[in-house]
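J.:
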Amino acid sequence: METSSPVLEIVLIFLVLALASVIRTSAGFGFSLVSVPPLALILDPVTAVTTAVIMAAPLSIWIAAKDWRHIDRRITLTAVLCAAAGVPIGIAVLTLLNERTLTIAIAAVVLACTALVWSKVKIRGGLPVIAGVSLFSGASFASTGIDGPPMVAAMQGVGLEPRVQRATLAVVFSCTSLGSLVGFGTTGHLTMEVGKALLIGIPAFATGIVVGERLFKRFDATRFRQVVLGLLIVSSVSILTSVFST
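Structure (structure tokens):
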């Protein structure tokens, strides 16, 4: 679906990133889940992942800096070390897979994570499970831009209070974001295409936050969440259909 018109491409990128920002602000999740699949078709999967990872970083870093006093230090240390170990694996996957295979992987991860969010699964098992999920999430984030749902499920499985969970996850996500950024830089993924998408993404992100705050006050949160999850499934299935039909 790569467009031949530069203006149309800019408009589409803006709309996708603005919509993702609206959903993230209104529903509390889903920026990468919403933005990566269509960006992978508008641009290419590597640019889509790189853009989403970089745009997700500031929010995580801001929350981590604001709530650092509330982190669970033992869980944070385990999760950060294992997630960081997964990042090079994800960078290697991003570098080695061809566009078709990476697009399929992105769609599959989105479907799996959507199922996790929809079912509100809690992954129990303590630190060993958190270590394994963190390793997977670090690799998934660097290769597909998506890591949130598995980590949330693992944190909920150990019964963390909401603010402690948010702070702990923010630290982990900040570390994987920075680690992925370093990996992108050393492997040549910080391209002009990524820079262009980020320039479009900054005003789109800001617009989405403003619109999302207004929607959050007007719409039923549960119904909106269900609509978002339904859109994610349709988006992923559409991408898989597009890939396998070519």
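Residue 866 in the working numbering is what sits at position 156 of the sequence shown, and the numbering runs on without skipping anything.
Positions of the beta carbon are idealized from the N, C-alpha and C atoms, including for glycine.
Remember, predicted model here, so these are calculated numbers, not experimental data.
When you compare only the Cα positions, how much space is there between R873 and D782?
T.: Here residue 873 corresponds to residue number 163 of the sequence shown, with the count starting at 1. Here residue 782 corresponds to residue number 72 of the sequence shown, with the count starting at 1. Rounded to the nearest angstrom, the two C-alpha atoms are 10 angstroms apart.
J.: Compute the distance between the beta-carbons of G991 and V746, then report whether it is under 8 angstroms.
T.: Residue 991 falls outside the range modelled here, since the chain spans only 711 to 956, and no answer is possible.
J.: Counting Cβ pairs, one atom from each stretch, are 3 or more of them under 8 angstroms apart for the segment 788-808 and the segment 907-924?
T.: Because the criterion of three Cβ pairs below 8 angstroms is not met, the segment 788-808 and the segment 907-924 do not touch.
J.: On a CA-only basis, which of G869, A825, M861 and C823 is nearest A841? Give me that one, please.
T.: As a first step, residue 841 is located in the sequence shown; it is residue number 131 there, counting from the start. Answer by Cα proximity: M861.
J.: Hey, could you find the ends of the alpha helix (DSSP H) D754 is sitting in?
T.: For this step, residue 754 is matched to residue 44 along the sequence shown. Per DSSP, D754 belongs to no alpha helix (DSSP H) and is neither H nor E.
J.: Smallest Cα separation from S770: which of T878, A818 and T901?
T.: By one-based count along the sequence shown, residue 770 stands at place 60. Closest by alpha carbon: T878.
J.: Could you check whether the segment 749-768 touches the segment 887-907, counting it as contact only if at least three pairs of C-beta atoms, one from each stretch, sit closer than 8 angstroms?
T.: With the cut-off at 8 angstroms, the segment 749-768 and the segment 887-907 touch.
J.: I want to know whether the segment 785-799 touches the segment 841-856 - three or more CB-CB distances under 8 angstroms.
T.: Verdict: yes, contact present.
J.: Is the Cβ-Cβ distance between D965 and E809 less than 8 angstroms?
T.: The requested residue 965 does not occur in the structure, where the chain is confined to residues 711 to 956.
J.: Tell me whether L870 sits in a helix, a strand or coil according to DSSP, three-state version.
T.: Within the sequence shown, the letter at position 160 stands for residue 870. It is coil, neither helix nor strand.
J.: Quick one: what does DSSP say H899 is sitting in, helix, strand or coil?
T.: Reading the sequence shown from its first residue, position 189 is the one you call residue 899. Residue state, collapsed to three classes: coil.
J.: Strictly under 8 angstroms for the Cβ-Cβ distance: is S890 near chain B by that measure?
T.: Annotation note: the requested chain B is absent from the structure, which comprises a single protein chain.
J.: Mark P896 as exposed unless 16 or more other C-beta atoms lie within 10 angstroms of its C-beta, in which case mark it buried.
T.: Reading the sequence shown from its first residue, position 186 is the one you call residue 896. One point to set straight first is that residue 896 is Thr, not Pro, in the sequence displayed. By the 10 Å Cβ count, T896 comes out exposed.
J.: Please state the DSSP three-state secondary structure of K776.
T.: As a first step, residue 776 is located in the sequence shown; it is residue number 66 there, counting from the start. Reduced to three states, the DSSP call for K776 is helix.
J.: Does L807 come out as helix, strand or coil in the three-state DSSP assignment?
T.: To locate residue 807, count along the sequence shown from 1; it is residue 97. Residue state, collapsed to three classes: coil.
J.: Quick check on I801: does DSSP put it in helix, strand or coil?
T.: As a working note, residue 801 is residue 91 in the sequence shown. Helix at I801.
J.: Since V756 and L812 are thought to touch, with beta carbons under 8 angstroms apart, how far apart are those beta carbons, to the nearest angstrom?
T.: Here residue 756 corresponds to residue number 46 of the sequence shown, with the count starting at 1. Here residue 812 corresponds to residue number 102 of the sequence shown, with the count starting at 1. So it is a contact: roughly 7 angstroms between Cβ atoms.
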